[in-house]
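What follows is one structure encoded as structure tokens, with my remarks underneath.
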Amino acid sequence: MPATVIVGAQWGDEGKGKIVDLLARDSEVVCRYQGGPNAGHTIVRDGETFKLHHVPSGILYPGTVCVVGAGCVVDPGLLVRELDELEARGIPTEGVRVSGNAHMIMPWHVALDSASERRLGKLQIGTTRRGIGPAYADKAARIGIRVQDILDSKILRQKFETALAEKNVQLERLHDAEPLEVETLADEMEAYAARLRPYVADTSLLVDRAIRDGRHVLLEGAQGTLLDVDHGTYPFVTSSNPVAGAASTGVGIGPTRIDRVLGVAKAYVTRVGEGPFPTEIDGPGQARVRELGAEYGTTTGRERRCGWLDLVALRFAVRVNGMTSLALTKLDVLSAFAEIPVCTRYRLPGGLETDEFPAHQSDFHHAEPVYETLTGWEDSLDAVEELDGLPEAARSYVGFVENALGVEVSLVSIGAERQRVVTPRGLASVAGG
Ligand code: IMP
14 MPATVIVGAQ WGDEGKGKIV DLLARDSEVV CRYQGGPNAG HTIVRDGETF
64 KLHHVPSGIL YPGTVCVVGA GCVVDPGLLV RELDELEARG IPTEGVRVSG
114 NAHMIMPWHV ALDSASERRL GKLQIGTTRR GIGPAYADKA ARIGIRVQDI
164 LDSKILRQKF ETALAEKNVQ LERLHDAEPL EVETLADEME AYAARLRPYV
214 ADTSLLVDRA IRDGRHVLLE GAQGTLLDVD HGTYPFVTSS NPVAGAASTG
264 VGIGPTRIDR VLGVAKAYVT RVGEGPFPTE IDGPGQARVR ELGAEYGTTT
314 GRERRCGWLD LVALRFAVRV NGMTSLALTK LDVLSAFAEI PVCTRYRLPG
364 GLETDEFPAH QSDFHHAEPV YETLTGWEDS LDAVEELDGL PEAARSYVGF
414 VENALGVEVS LVSIGAERQR VVTPRGLASV AGG
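Under the working numbering, the letters of the sequence shown match residues 14 to 446, in that order.
See below:
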């Protein structure tokens with residue numbers, strides 16, 4: 014049985030949670046490989062909505078092992094709250110395993126994230142203010158506090174106090190912000206540590222063994238390709254690597270262990286936060302897509318910016334992720350439109366047209382979308398049960414995407430509920446390859 018990476022192909026919020034939830038049914042292990050509580054997965058099951066930030070979506074299946082990998086950053090308070098809420102709703106959490114090598118988001122990271130955004134003013138990134146950037150920065154600077162530090166109260170307190178002594182100076186002197194109170198926070202931290210200790214594990218070993226034993230493993234990315242710190246639209250990105258290659262480092266398995274890469278893209282595009290967005294819709298069409306698609310952030314509640322499908326950016330995502338197939342989500346949202354523009358090329362400054370994603374940020378910032386207009390189907394997809402049951406114009410839309418990308422669309426999602434998906438060859442083939 015293969016190991017499959019599920020990766021966001023746009024700027025996040027593509028509906029990965031739902032696809033993971035679907036595939037998790039046949040998986041023994043589901044792992045997150047990067048990011049932290051900046052991600053939010055919404056899963057609708059039997060009319061009940063679950064919003065997860067840290068715990069992989071596989072948690073809703075009894076017996077599934079859910080791994081938070083070394084490449085993630087963990088906010089201990091939020092993780093405790095998420096575990097408590099799941100338990101309170103009757104979902105057991107004993108299958109959750111958190112890598113001891115994952116770094117922790119500390120209260121000063123959250124405070125510094127907000128302070129630095131305030132300081133940037135008009136140049137701000139529009140982060141989720143969950144402390145993601147500062148936590149990854151400390152990891153790279155080798156002054157972070159890791160999950161395994163909670164295993165020893167004495168070490169934890171020492172590291173906590175040392176770090177806070179410096180961070181308070183930063184908060185007060187650089188950002189004119191309130192310092193954090195050591196004693197209260199250290200006690201709070203110890204309470205979280207006590208709650209989280211049973212979940213800490215050597216997750217690299219666990220996942221490698223699972224793959225060697227022939228178990229089906231899902232490796233779940235958060236955010237999306239265009240938010241990747243190396244390959245995305247820097248500096249308007251997150252501070253980790255959502256791309257599929259990072260699944261290997263973020264979980265601690267060799268790249269040769271990974272068999273398939275399933276990209277997830279919306280049938281249109283959304284973006285939260287600042288930064289260039291060539292196909293962002295001008296005028297009332299944007300609000301219409303937002304309303305129809307309920308495009309508000311799971312984590313921050315912010316309005317998402319909405320745009321037409323961008324095949325230049327998506328082709329780039331196919332390339333940098335080595336995608337073996339694509340899941341196209343929220344096709345039903347486009348049912349309201351008589352005509353649907355799809356961006357097939359960018360026009361760059363100087364008039365040159367290209368279908369390759371610009372390597373230089375200035376070109377991307379000034380890229381104008383060149384659209385082909387496809388005919389809409391203007392018909393509800395509520396009664397559709399199989400791919401062939403889609404209106405012809407909807408099938409043409411999917412076919413157009415496949416041809417433009419050279420990758421199979423192996424799943425189309427047509428509604429929020431778990432079962433509202435259609436596939437050409439059944440669920441077993443969804444990840445392709
Ligand atoms: P950060 O990850 O909180 O540092 O935010 C950096 C950028 O990534 C901002 O533009 C956020 O809006 C965006 N971002 C972070 N997480 C998500 C997500 O899960 N979905 C969509 N955008 C995200």
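Beta carbons: idealized from backbone N, C-alpha and C, even for Gly.
Check, Outcome
"Residue from 345, 120, 404 and 389 whose Cα sits closest to the Cα of residue 354", "389"
"Proximity winner among 190, 346 and 251, relative to residue 393 (alpha-carbon distances)", "346"
"Where residue 305 sits in the DSSP three-state scheme", "helix"
"Secondary structure of residue 323, DSSP reduced to three states", "strand"
"Three-state class that DSSP yields for residue 370 in the structure shown", "coil"
"Classification of residue 108 by the beta-carbon crowding that lies within 10 angstroms, buried from 16 upward", "buried"
"Test item: CB-CB of residue 106 and residue 96 under 7 Å", "yes"
"Bounding residues of the beta strand (DSSP E) (the contiguous stretch that carries residue 386)", "381-388"
"Residue burial classification, residue 398 (beta-carbon count within 10 angstroms, cutoff 16)", "exposed"
"C-beta contact flag for residue 122 and residue 154 at 7 Å", "no"
"4-residue-minimum alpha helix (DSSP H) runs that sit fully inside the stretch 145-206, ordered along the chain", "145-153 and 166-182"
"Residues near residue 111 by beta carbon distance below 6 Å, same chain, minus five either side", "81, 160, 212 and 213"
"Where residue 419 falls, given that 16 or more other Cβ within 10 Å makes a residue buried", "exposed"
"Inter-residue spacing [alpha-carbon to alpha-carbon] between residue 14 and residue 174", "Note that residue 14 scores 49 on pLDDT, short of 50, meaning its location in the model is unreliable and no value can be drawn from it."
"Selected residue, minimal CA-CA separation from residue 426, among 415, 303, 279 and 285", "279"
"Sub-7 Å separation of residue 255 and residue 234 beta-carbons", "yes"
"Residues near residue 366 by beta carbon distance below 8 Å, same chain, minus five either side", "358, 359, 360 and 383"
"Residue 109, enclosing beta strand (DSSP E) - first and last residue", "109-112"
"Exposure of residue 86, with buried meaning 16 or more beta-carbon neighbours within 10 Å", "buried"
"Pairwise C-alpha distance: residue 352 and residue 321", "11 Å"
"Length at least 3, wholly inside the stretch 386-436: the beta strand (DSSP E) runs in chain order", "422-426"
"Pairwise C-alpha distance: residue 324 and residue 53", "25 Å"
"Buried versus exposed call for residue 218 [16 or more other C-beta atoms within 10 Å across all chains shown]", "exposed"
"Coil, strand or helix - residue 276 by DSSP", "strand"
"Contact under 7 Å by Cβ, residue 527 with residue 20", "There is simply no residue 527 to check, as the chain begins at 14 and stops at 446 in what is shown."
"Bounding residues of the beta strand (DSSP E) (the contiguous stretch that carries residue 284)", "282-284"
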